[in-house]
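**Q** All the letters of the sequence shown, read from the start, carry residue numbers 1 to 282 under UniProt numbering.
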Amino acid sequence: MKLVRVGNPGDERPGMIDAAGRVRDLSGVVSDFGAAQLAPAALARLAQVDPATLPVMEGARFGVPWTGIGKIVAIGLNYADHAAEAGMPLPAEPIVFLKANSSLNGPNDAVMLPFGSQKTDWEVELGVVIGTTARNVSREAALDHVAGYCVVNDVSEREFQIERGGTWDKGKGCDTFCPAGPWLVTRDEVPDPQALGLWLEVNGERVQKGSTATMVFDVATVVSYVSRFMTLLPGDLIATGTPPGVGMGFKPPRFLKAGDTMRLGVDGLGEQTQQVVAYGER
Numbered sequence: 001m002k003l004v005r006v007g008n009p010g011d012e013r014p015g016m017i018d019a020a021g022r023v024r025d026l027s028g029v030v031s032d033f034g035a036a037q038l039a040p041a042a043l044a045r046l047a048q049v050d051p052a053t054l055p056v057m058e059g060a061r062f063g064v065p066w067t068g069i070g071k072i073v074a075i076g077l078n079y080a081d082h083a084a085e086a087g088m089p090l091p092a093e094p095i096v097f098l099k100a101n102s103s104l105n106g107p108n109d110a111v112m113l114p115f116g117s118q119k120t121d122w123e124v125e126l127g128v129v130i131g132t133t134a135r136n137v138s139r140e141a142a143l144d145h146v147a148g149y150c151v152v153n154d155v156s157e158r159e160f161q162i163e164r165g166g167t168w169d170k171g172k173g174c175d176t177f178c179p180a181g182p183w184l185v186t187r188d189e190v191p192d193p194q195a196l197g198l199w200l201e202v203n204g205e206r207v208q209k210g211s212t213a214t215m216v217f218d219v220a221t222v223v224s225y226v227s228r229f230m231t232l233l234p235g236d237l238i239a240t241g242t243p244p245g246v247g248m249g250f251k252p253p254r255f256l257k258a259g260d261t262m263r264l265g266v267d268g269l270g271e272q273t274q275q276v277v278a279y280g281e282r
């Protein structure tokens, strides 16, 4: 299934995408998509719904496809060629950081440059959505705890992240810096999360192109590893790293400015488009 939430911010309704790509209204079946609706039994019940019996929703804004996100965990330098372009050594273990929940953004909503930003950058990523509690799980059992997958743009302010001391979090958690969606695609529709193409364009130029096959640590390893250090709860989101082609890797570096457009996608998981706006214009 491809599950969505559509409508104005704070007033989204649940829906699903039918075989023709139309949005069907699920609000008569379920009130919203939260943590409880990501459990295997709840998803199995939704899978029995015939989309043709549901009303079509026209022209609605996509929001983040589910609610109840307790935390956003992200993995750094998880593609060898991206680590090389960043001039950083390949990690021996996954690099884990957090993005603030206040950075969550609809997949096509504007991305706002933070106050004083000069080095805001783009990062297309595969997002992993947790469906059942994962605590110190094995790699072999890790994917059993996944409800589905989505597109994430791990927008990053490189000066805040790298040059201002402390952890990466302050360059990763700015408002609007985590567009997620448009869909939550359930795990049964993604038989191999290590066989997905990723891409991102800035102003129509393809700057990122990669495959999850080149991850340093695959999805199962990431879920297992993170679960050793913190309990992963239903609704939690993991952003699993980005392929090469980010702005700081260009020579000279290229960063986002107001008026730019980002367009990005992951095979089978949909596309996002964001306009970049100046601080205070969102």
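For every residue, glycine included, the Cβ atom is placed at its ideal position computed from N, Cα and C.
Remember, predicted model here, so these are calculated numbers, not experimental data.
Cα-Cα, which of I72, G116, A213, N153 is closest to G197?
**A** Numbered from 1 along the sequence shown, position 197 holds the residue referred to as residue 197. Out of I72, G116, A213, N153, A213 has the C-alpha closest to the C-alpha of G197.
**Q** Quick one: residues in its chain with C-beta nearer than 7 Å to the C-beta of D260, no 5 flanking neighbours on either side, listed in chain order?
**A** For this step, residue 260 is matched to residue 260 along the sequence shown. Only V202, N203, V276 meet the Cβ criterion.
**Q** Does the Cβ-Cβ distance between T221 and R139 come in under 7 Å?
**A** The sequence position of residue 221 within the sequence shown is 221, counting from 1. The sequence position of residue 139 within the sequence shown is 139, counting from 1. Yes, Cβ-Cβ distance for T221 and R139 is below 7 Å.
**Q** With respect to the alpha helix (DSSP H) encompassing F229, which residues constitute its N-terminal and C-terminal limits?
**A** What you label residue 229 is simply residue 229 of the sequence shown in a count that begins at 1. From DSSP, the alpha helix (DSSP H) with F229 extends over 219 to 229.
**Q** Does the segment 171 to 189 come into contact with the segment 107 to 121, if we say contact requires no fewer than three beta-carbon pairs (one atom in each stretch) closer than 8 Å?
**A** The segment 171 to 189 is in contact with the segment 107 to 121.
**Q** Starting from D81, trace the alpha helix (DSSP H) both ways and give me its first and last residue.
**A** The residue given as residue 81 occupies position 81 in the sequence shown. Taken as a continuous stretch (DSSP letters only), the alpha helix (DSSP H) holding D81 covers 80 to 85.
**Q** Assign S103 to one of two classes, buried (16 or more other C-beta atoms within 10 Å of its C-beta) or exposed (fewer than that).
**A** The residue you call residue 103 lines up with position 103 of the sequence shown. When all chains shown are included, S103 counts as buried.
**Q** Just how far apart, CA to CA, sit W168 and V49?
**A** Locating residue 168 in the sequence shown gives position 168, where the first residue counts as 1. Locating residue 49 in the sequence shown gives position 49, where the first residue counts as 1. Cα-Cα distance, rounded: 43 Å.
**Q** So, at 6 Å on beta carbons, what are the nonlocal neighbours of M248 in its own chain, with the 5 sequence-adjacent residues on each side left out?
**A** Taking the first residue of the sequence shown as 1, we reach residue 248 at position 248. Same-chain partners within the cutoff: D121, R158.
**Q** Three-state secondary structure (DSSP) at N153?
**A** To locate residue 153, count along the sequence shown from 1; it is residue 153. Here N153 sits in strand by DSSP.
**Q** For the segment 13 to 32 against the segment 52 to 68, are there 3 or more C-beta pairs whose distance is under 8 Å?
**A** Contact holds: three or more Cβ-Cβ distances are below 8 Å.
**Q** From G210 to F217, what distance separates their C-alpha atoms?
**A** What you label residue 210 is simply residue 210 of the sequence shown in a count that begins at 1. What you label residue 217 is simply residue 217 of the sequence shown in a count that begins at 1. Those two C-alpha atoms are separated by around 15 Å.
**Q** Looking at the unbroken alpha helix (DSSP H) that takes in L43, where does it start and where does it end?
**A** Counting from 1 along the sequence shown, the entry for residue 43 is found at position 43. From DSSP, the alpha helix (DSSP H) with L43 extends over 40 to 47.
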